[in-house]
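Written below as structure tokens is the structure these notes are about.
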Amino acid sequence: MATPTMDKVEAEAAASSHLITVTFRIRRFNPEISADAVWEDFQLEIDPKERVLDGLHKIKWDLDGTLTFRRSCAHGICGSDAMRINGKNRLACKTLIKDINPAKPITVEPIKGLTVLKDLVVDMEPFFQAYRDVMPFLVTTGNEPTRERLQSPEDRERFDDTTKCILCAACTSSCPVFWNDGQYFGPAAIVNAHRFIFDSRDEAGEQRLEILNDKDGVWRCRTTFNCTDACPRGIEVTKAIQEVKRALITRRF
Amino acid sequence: MKIHKYDTVIVGAGGAGMRAAIEATKRSRTAVLTKLYPTRSHTGAAQGGMAAALANVEEDNWEWHTFDTIKGGDYLVDQDAAEILAKEAIDAVLDLEKMGLPFGRTPEGQIDQRRFGGHSRNHGEAPVRRSCYSGDRTGHMILQTLYQNCIKEGVEFFNEFYVLDQLIVEEDGVRKSAGVVAYELATGEIHVFQAKAVIYASGGTGKFFKVTSNAHTLTGDGQAACYRRGLPLEDMEFFQFHPTGIWRMGILLTEGARGEGGILRNKDGERFMEKYAPVMKDLASRDVVSRSIYTEIREGRGCGPEGDHVYLDLTHLPPEQLDAKLPDITEFARTYLGIEPYTDPIPIQPTAHYAMGGIPTNVEGEVLSDNTTVVPGLYAAGEVACVSVHGANRLGTNSLLDINVFGRRAGIAAAEYSEKADFVELPENPAELVVSLVEQLRDSTGTERVADIRKELQETMDANVMVFRTEQTIKTAVEKIAELRERYKNVSVQDKGKRFNTDLLEAIELGNLLDLAEVMAVSALARKESRGGHYREDYPNRDDVNFMRHTMAYREVADDGKDSIRLDYKPVVQTRYQPMERKY
Chain A
3 MATPTMDKVE AEAAASSHLI TVTFRIRRFN PEISADAVWE DFQLEIDPKE RVLDGLHKIK
63 WDLDGTLTFR RSCAHGICGS DAMRINGKNR LACKTLIKDI NPAKPITVEP IKGLTVLKDL
123 VVDMEPFFQA YRDVMPFLVT TGNEPTRERL QSPEDRERFD DTTKCILCAA CTSSCPVFWN
183 DGQYFGPAAI VNAHRFIFDS RDEAGEQRLE ILNDKDGVWR CRTTFNCTDA CPRGIEVTKA
243 IQEVKRALIT RRF
Chain B
16 MKIHKYDTVI VGAGGAGMRA AIEATKRSRT AVLTKLYPTR SHTGAAQGGM AAALANVEED
76 NWEWHTFDTI KGGDYLVDQD AAEILAKEAI DAVLDLEKMG LPFGRTPEGQ IDQRRFGGHS
136 RNHGEAPVRR SCYSGDRTGH MILQTLYQNC IKEGVEFFNE FYVLDQLIVE EDGVRKSAGV
196 VAYELATGEI HVFQAKAVIY ASGGTGKFFK VTSNAHTLTG DGQAACYRRG LPLEDMEFFQ
256 FHPTGIWRMG ILLTEGARGE GGILRNKDGE RFMEKYAPVM KDLASRDVVS RSIYTEIREG
316 RGCGPEGDHV YLDLTHLPPE QLDAKLPDIT EFARTYLGIE PYTDPIPIQP TAHYAMGGIP
376 TNVEGEVLSD NTTVVPGLYA AGEVACVSVH GANRLGTNSL LDINVFGRRA GIAAAEYSEK
436 ADFVELPENP AELVVSLVEQ LRDSTGTERV ADIRKELQET MDANVMVFRT EQTIKTAVEK
496 IAELRERYKN VSVQDKGKRF NTDLLEAIEL GNLLDLAEVM AVSALARKES RGGHYREDYP
556 NRDDVNFMRH TMAYREVADD GKDSIRLDYK PVVQTRYQPM ERKY
């Protein structure tokens with residue numbers, strides 16, 4: 003095994019582990035105190051290899067305990083901490099300080115299009131309602147087999163991309179159509195419909211397509227690709243929406 | 016204060032809670048109280064797979080799986096429970112597939128299987144392919160699939176409700192569960208849930224360690240609620256340190272990486288596991304591998320300028336294989352370390368991962384108030400519980416199995432109980448304890464800060480009760496925890512509001528961690544032997560004569576209000592397997 007490579011990695015690691023001073027500019031809102039949202043700046047020392055979430059924790063734990071945000075796993079799996087960082091939707095736990103130009107203030111705001119409840123916490127209920135509305139579960143008819151249903155690796159691969167969704171709402175809350183009209187199902191719900199429509203075991207594709215054929219369904223998509231850019235799981239969201247649109251036209255999936 | 020009435024209340028919406036909810040909702044009026052949105056639960060972070068002897072890709076049977084589980088647990092496993100786990104594993108996997116779980120597939124279209132640590136053919140002959148998986152996202156798929164099926168079944172969720180107290184009422188000389196008290200994050204309102212049956216499925220306690228794979232929210236709330244009401248906690252000294260956490264961060268890199276052929280190497284590039292486990296090598300059980308890693312580090316063969324980690328080497332595996340089988344963990348290496356796993360090895364160190372101990376239950380998920388007495392109406396399943404199928408060390412892929420097998424069992428048992436049983440009358444002032452806890456913290460003008468105490472707790476736990484322990488280190492931890500518990504009485508929060516007061520909740524969670532850390536350390540101090548995840552350098556051998564028994568820790572409160580821990584012991588259930596020396 004190539005030890006020189008290791009040395010290189012170590013050297014790089016050692017070189018960049020020093021603290022820098024950064025400013026977090028956070029959109030604060032607490033209706034118990036004021037009806038208006040305000041920007042508040044916090045300065046802190048942080049290792050640039052740390053996450054934005056680490057910065058938020060430093061603020062909450064050392065400077066201002068009232069700063070409120072959701073988080074859990076801290077490594078991009080649970081989907082709790084989607085927020086608008088420097089104007090783009092990202093997970094705070096998957097965004098490293100060094101990757102977002104720490105020389106300038108780092109702006110952190112709640113995701114858009116959902117009612118802000120306090121600081122970075124938004125009302126997720128409309129988002130989950132849209133998800134529930136697309137029948138996000140396997141539907142089959144007839145007798146269940148005694149063993150597993152068979153599915154070829156190719157058929158399994160067909161919907162692999164959309165199984166990765168963690169329901170963080172980064173995509174839906176980056177969508178200009180959703181901002182203007184909260185009735186639109188939004189990319190995440192369509193992604194999850196896609197996950198079942200293209201699952202060879204499922205038998206409710208037609209029903210889901212009819213749900214998405216609604217005036218608030220897939221046809222509202224303007225193909226701006228914001229959702230694909232925002233997805234922290236790397237799902238090709240816009241492509242999935244296009245595939246659903248195509249399935250609606252051809253009725254083949 | 017609001018009062019709700021349900022037949023069955025489930026606390027927690029990870030894998031165990033939602034698997035229970037699917038069963039309970041079909042049979043009884045059920046509410047699920049969860050401090051997170053269900054899909055945020057840490058089941059979603061599990062990666063490598065779920066064990067079941069499907070024998071889809073090579074010869075296997077559930078008896079071999081039972082043996083491996085018992086041996087993996089260093090013979091502290093209750094063997095009747097392990098047999099149920101292994102036997103029901105097959106249906107548990109098939110049930111998930113029928114619910115829609117997108118498993119990896121063989122060319123024939125069956126569920127594919129891979130190797131995993133400690134799982135062997137014919138009682139230890141060679142590694143066997145028993146883990147059913149979906150890439151390295153098996154936990155994510157289980158969590159999503161169970162949530163999807165909860166939607167299908169119309170399960171009623173109370174999201175962001177923190178259960179802070181377990182109501183226990185004595186009726187005709189029997190202590191019974193009357194319900195739970197919860198705090199609603201959005202409003203600060205306190206809710207009493209009267210229920211015929213309560214199931215705890217609230218997960219682990221890993222946040223009392225600093226380097227951990229656990230989520231920030233894994234603070235042992237269920238264990239603490241029961242413990243404070245006089246119920247015992249079993250085998251809390253047994254905590255699993257997963258060999259491959261990302262160096263310094265603790266983020267989990269699945270054992271599946273070694274199942275796919277990944278190799279652990281020290282600074283000389285040596286495949287050191289060959290020395291410690293000649294047959295299973297890198298796929299020995301987790302306690303063995305974690306100790307081996309630290310032995311390498313202590314003997315000066317660790318990597319990096321400080322020699323404080325080793326490498327997980329995947330560079331010899333084809334990139335296509337990494338993309339297909341290990342997409343998430345390779346991305347973690349890129350995102351958090353800036354390392355390309357195709358070409359560079361990944362720095363790792365053991366990370367606090369899983370509580371083998373917890374609330375004692377029988378195989379129906381019924382909670383025990385001593386070695387044998389059931390608490391009517393109280394159930395637990397998953398990491399919060401101790402059945403005990405994991406004994407002194409859990410095998411990889413047996414936790415996703417545990418939550419499905421025992422989550423289902425608890426859900427059925429609880430709902431069937433609530434069909435027959437009556438409500439237990441609530442105590443006169445059911446929310447008293449929670450109200451005073453919340454008010455005290457919110458009104459406190461104390462000078463101690465939550466973050467400081469938590470940091471000191473995590474540091475002492477990492478330094479003193481991790482992979483290697485001695486009487487002296489454990490005593491240091493016990494003393495430090497006692498000091499921190501004193502200081503905690505003087506803790507205050509900055510956020511005095513009602514709305515989304517996470518500052519307050521973090522303070523309450525810290526109180527839970529402190530109580531549970533003390534139980535862990537005191538239990539560890541008394542166990543003067545080495546077994547599974549509990550390794551005492553001053554007692555390096557397993558001692559079956561004196562310690563082939565489960566620890567049962569009880570909280571006792573003296574007349575002056577001071578609490579202390581009383582330890583008792585419970586026999587291990589042995590059926591057909593005699594304890595043997597454990598070799599891999």
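Just so you know, the protein sequences line up as chains A and B, in that order.
Throughout, the working numbering is defined as the position within the first sequence, counted from one, plus 2.
Throughout, the working numbering is defined as the position within the second sequence, counted from one, plus 15.
Glycine included, each C-beta is placed from N, C-alpha and C at the ideal position.
Query - As assigned by DSSP and simplified to three states, the class of residue 2/A - result: With chain A running from 3 to 255 in the structure shown, residue 2/A is simply not present.
Report task. Please decide whether residue 80/A counts as near chain B, where near means a Cβ-Cβ distance under 9 Å. Result -> yes
Query raised in the report: What number of angstroms, rounded off, separates the C-alpha of residue 363/B from the C-alpha of residue 326/B?
Result: 6 Å
**Report entry** Within-9 Å CB hit, residue 232/B to chain A
**Finding:** yes
Requested in this report: Look at the alpha carbon of residue 244/A and the alpha carbon of residue 224/B, and state the distance between them as a whole number of angstroms.
Outcome: 46 Å
Report task. Within its chain, find whatever has a CB closer than 7 Å to the CB of residue 137/B; leave out the 5 residues flanking it on each side and keep chain order. Result -> 79
Requested in this report: Name the two residues that bound the continuous beta strand (DSSP E) containing residue 131/B.
Outcome: 128–136
**Report entry** Completely contained beta strand (DSSP E) runs for the region 196–246 of chain B, where each covers 3 or more residues
**Finding:** 205–215
**Report entry** Chain-order list of residues whose beta-carbon lies under 7 Å from that of residue 356/B (same chain, five-residue window excluded)
**Finding:** 329, 337, 345 and 348
Query raised in the report: Starting from residue 257/B and walking both ways along the beta strand (DSSP E), at which residues does that stretch end?
Result: 254–261
Query raised in the report: Can you round the beta-carbon distance between residue 228/B and residue 266/B to whole angstroms, since I take them to be within the 8 Å contact cut?
Result: 6 Å
Report task. Using a Cβ-Cβ cut-off of less than 9 Å, give me the residues of the region 197–225 of chain A that come near chain B, in sequence order. Result -> 197, 198, 201, 203 and 204
Query raised in the report: So residue 153/B packs on residue 332/B, CB below 8 Å; how close in whole Å?
Result: So it is not a contact: roughly 19 Å between Cβ atoms.
Query - Beta-carbon gap between residue 70/A and residue 122/A smaller than 9 Å - result: yes
Report task. For the region 212–222 of chain B and the region 369–378 of chain B, state whether three or more C-beta atom pairs, one from each stretch, are separated by less than 8 Å. Result -> yes
Query raised in the report: Any C-beta of chain A sitting closer than 9 Å to the C-beta of residue 149/B?
Result: yes
Query raised in the report: Roughly how many angstroms lie between the CA atoms of residue 380/B and residue 37/B, to the nearest whole one?
Result: 16 Å
Query - Contacting residues, own chain, Cβ-Cβ under 7 Å from residue 483/B (five flanking each side not counted) - result: 309, 550 and 552
Query raised in the report: Quick one, which of 480/B, 101/B and 287/B has its alpha-carbon nearest residue 66/B's?
Result: 101/B
Report task. Return the first residue and the last residue of the beta strand (DSSP E) that residue 80/B is part of. Result -> Residue 80/B -> not in any beta strand (DSSP E); alpha helix (DSSP H) instead, spanning 77–87.
Query - CB contact check: residue 138/A to chain E, cutoff 9 Å - result: The structure shown contains no chain E; the protein chains it does contain are A and B.
Query - Close Cβ partners of residue 452/B (< 7 Å) along its chain, the five nearest in sequence each way excluded - result: 179 and 523
Query raised in the report: Quick one: is residue 46/A near chain B, going by C-beta distance under 9 Å?
Result: no
Query raised in the report: Mind pulling the chain B residues with CB within less than 8 Å of residue 89/A?
Result: Residues of chain B passing the Cβ test: none, with the nearest at roughly 20 Å.
Query raised in the report: Taking the continuous beta strand (DSSP E) assigned at residue 456/B, which residues delimit it?
Result: No beta strand (DSSP E) contains residue 456/B, which is instead part of the alpha helix (DSSP H) from 447–458.
Report task. Determine the closest residue to residue 334/B out of 358/B, 391/B, 271/B and 111/B, with distance taken between C-alpha atoms. Result -> 358/B
Query raised in the report: Under the three-state reduction of DSSP, which class applies to residue 195/A: helix, strand or coil?
Result: helix
Query raised in the report: Is DSSP giving residue 607/B helix, strand or coil here?
Result: In the structure displayed, chain B extends from 16 to 599; residue 607/B sits before or after that span and is not available.
Query raised in the report: What's the C-alpha gap between residue 567/B and residue 584/B?
Result: 5 Å
Query - Validate contact between the region 553–561 of chain B and the region 243–262 of chain B using beta carbons, cut 8 Å, 3 pairs - result: no
**Report entry** Cβ-based burial, residue 368/B [other Cβ within 10 Å; buried from 16]
**Finding:** buried
Query raised in the report: Should residue 235/A and residue 125/B be called a contact, given that it needs their Cβ atoms to be closer than 9 Å?
Result: no
Query raised in the report: What whole-angstrom Cβ distance do residue 83/A and residue 55/A have, given they're in contact under 8 Å?
Result: 6 Å
**Report entry** Neighbour-count burial assignment, residue 570/B, 16 or more Cβ in a 10 Å radius
**Finding:** buried
Query - Start-to-end residues for the beta strand (DSSP E) that takes in residue 421/B - result: It is not in any beta strand (DSSP E) - residue 421/B instead sits in the alpha helix (DSSP H) that spans 413–435.
Query raised in the report: In the DSSP assignment, what are the bridge partners of residue 571/B?
Result: 579/B
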